Amino acid sequence: MSVAANRWGARSWLVLVFAFLYIPILCLVVFSFTSGEITTQFDGFSLRWYEALLEDREIQSAVWLSLRIGAMAATTAVVVGSAAAFVLTRYRPYFGSSFFAGMTTAPMVMPEVVTGLSLVLLFTHPALSFLGGRGALAIWAAHTTLCAAYAAVLVQSRLREVDRSLEEAALDLGCPPFKVFFIITVPVIAPALISAWLLTFTLSMDDFVLAAMLSDPGSTTLPVLIFARLHHGLKPEINALATIIVVVVSIAVLTANHMMMSSQRARMRARELAQG
Numbered sequence: 067m068s069v070a071a072n073r074w075g076a077r078s079w080l081v082l083v084f085a086f087l088y089i090p091i092l093c094l095v096v097f098s099f100t101s102g103e104i105t106t107q108f109d110g111f112s113l114r115w116y117e118a119l120l121e122d123r124e125i126q127s128a129v130w131l132s133l134r135i136g137a138m139a140a141t142t143a144v145v146v147g148s149a150a151a152f153v154l155t156r157y158r159p160y161f162g163s164s165f166f167a168g169m170t171t172a173p174m175v176m177p178e179v180v181t182g183l184s185l186v187l188l189f190t191h192p193a194l195s196f197l198g199g200r201g202a203l204a205i206w207a208a209h210t211t212l213c214a215a216y217a218a219v220l221v222q223s224r225l226r227e228v229d230r231s232l233e234e235a236a237l238d239l240g241c242p243p244f245k246v247f248f249i250i251t252v253p254v255i256a257p258a259l260i261s262a263w264l265l266t267f268t269l270s271m272d273d274f275v276l277a278a279m280l281s282d283p284g285s286t287t288l289p290v291l292i293f294a295r296l297h298h299g300l301k302p303e304i305n306a307l308a309t310i311i312v313v314v315v316s317i318a319v320l321t322a323n324h325m326m327m328s329s330q331r332a333r334m335r336a337r338e339l340a341q342g
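If you're matching positions, the sequence shown starts at 67 in our numbering and goes up one per residue.
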């Protein structure tokens, strides 16, 4: 088989994969502009369901709660995960280091049902009633537990590639370790930190199992609300909401990617100037 035929076959396969992934999303966007009541039927262009979305206080409350929990969980997870990554990469092997590494990544492979059940028992224990039981705080704790493992893996992989000689040179010149961390280390691992934050924020926004087990009537997240409405029949209003989320996420990802690429090009130019 010729090289051209192999290339054509690879491209065709790639097109099929992308079609399988993105055609359902495209259909969702198209059906969000329907004027009818059926979510999978286009009866004419209309902004009716976007207007209905602006009047649905229940969805707005669920979206706002999911955004708050997602932002807090992502930020906390990046901080905790980065600290764990530093311990795993910057310290020599010590007694219990393998156990610590395993416990750091355990939430990634632990079934969410098990994690959720353990946190339900924790937050509903009479001796810990000051935690408030189930609710937004419990969901935040669960999402932080899950997401910190992903953040640790991403930051750890980046830290292993960092040139330690830059930090050592700054320390030899009398720069305090705290300043070295924020001036040298953080800018170098910034792409990993941004990627970890975006990933963990998405995981939190998308999570259903933990949120369903730990929510109460006053803290219903968006995935839980959508699942509850499935029993009564979805309206194109949900399509409109999903379209807005797709647009916002796409803009955020493109912006973050542009920032990371610009930062990488700037570092490469600075390195070339230093070597030249």
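Glycine included, every Cβ here is placed at the ideal spot set by N, Cα and C. Treat the numbers as computed from the prediction; the structure is a model and nothing was measured.
Compare the beta carbon distance of residue i and residue j with 9 Å and say whether it is the shorter of the two.
i           : j           : result
residue 189 : residue 207 : yes
residue 95  : residue 305 : yes
residue 267 : residue 150 : no
residue 127 : residue 205 : no
residue 302 : residue 114 : yes
residue 314 : residue 91  : no
residue 279 : residue 203 : no
residue 86  : residue 100 : no
residue 263 : residue 153 : no
residue 155 : residue 226 : yes
Is it buried or exposed, residue i, if we count other Cβ atoms within 10 angstroms and call 16 or more buried?
i           : result
residue 286 : buried
residue 217 : buried
residue 251 : buried
residue 248 : exposed
residue 299 : exposed
residue 89  : exposed
residue 173 : buried
residue 76  : exposed
residue 104 : exposed
residue 109 : exposed
residue 142 : buried
residue 106 : exposed
residue 131 : buried
residue 328 : exposed
residue 229 : exposed
residue 129 : buried
residue 214 : buried
residue 273 : buried
How many angstroms separate the CA atom of residue i from the CA atom of residue j?
i           : j           : result
residue 242 : residue 307 : 49 Å
residue 136 : residue 309 : 19 Å
residue 259 : residue 220 : 8 Å
residue 185 : residue 212 : 12 Å
residue 147 : residue 222 : 9 Å
residue 316 : residue 265 : 13 Å
residue 334 : residue 321 : 20 Å
residue 291 : residue 297 : 11 Å
residue 224 : residue 270 : 23 Å
residue 288 : residue 337 : 46 Å
residue 80  : residue 74  : 10 Å
residue 200 : residue 231 : 48 Å
residue 164 : residue 98  : 50 Å
residue 276 : residue 133 : 16 Å
residue 283 : residue 78  : 49 Å
residue 326 : residue 157 : 28 Å
residue 332 : residue 319 : 20 Å
residue 233 : residue 210 : 30 Å
residue 72  : residue 177 : 41 Å
residue 118 : residue 293 : 19 Å
residue 295 : residue 187 : 27 Å
residue 343 : residue 193 : Any question about residue 343 goes unanswered here, given that the chain covers just 67 to 342.
residue 116 : residue 159 : 56 Å
residue 255 : residue 330 : 11 Å
residue 125 : residue 191 : 31 Å
Which stretch, first to last residue, makes up the alpha helix (DSSP H) that contains residue i?
i           : result
residue 126 : 123-156
residue 205 : 202-225
residue 186 : 178-189
residue 167 : 163-175
residue 109 : That residue, residue 109, is in no alpha helix (DSSP H); it is neither H nor E in DSSP.
residue 243 : 243-246
residue 257 : 252-272
residue 293 : 288-296
residue 278 : 275-280
residue 231 : 230-238
Looking at C-beta atoms only, is the number of pairs between the region 169-178 and the region 228-245 that lie closer than 8 Å three or more? When Cβ pairs closer than 8 Å are counted between the two stretches, the region 169-178 is seen not to touch the region 228-245, the count staying below three.
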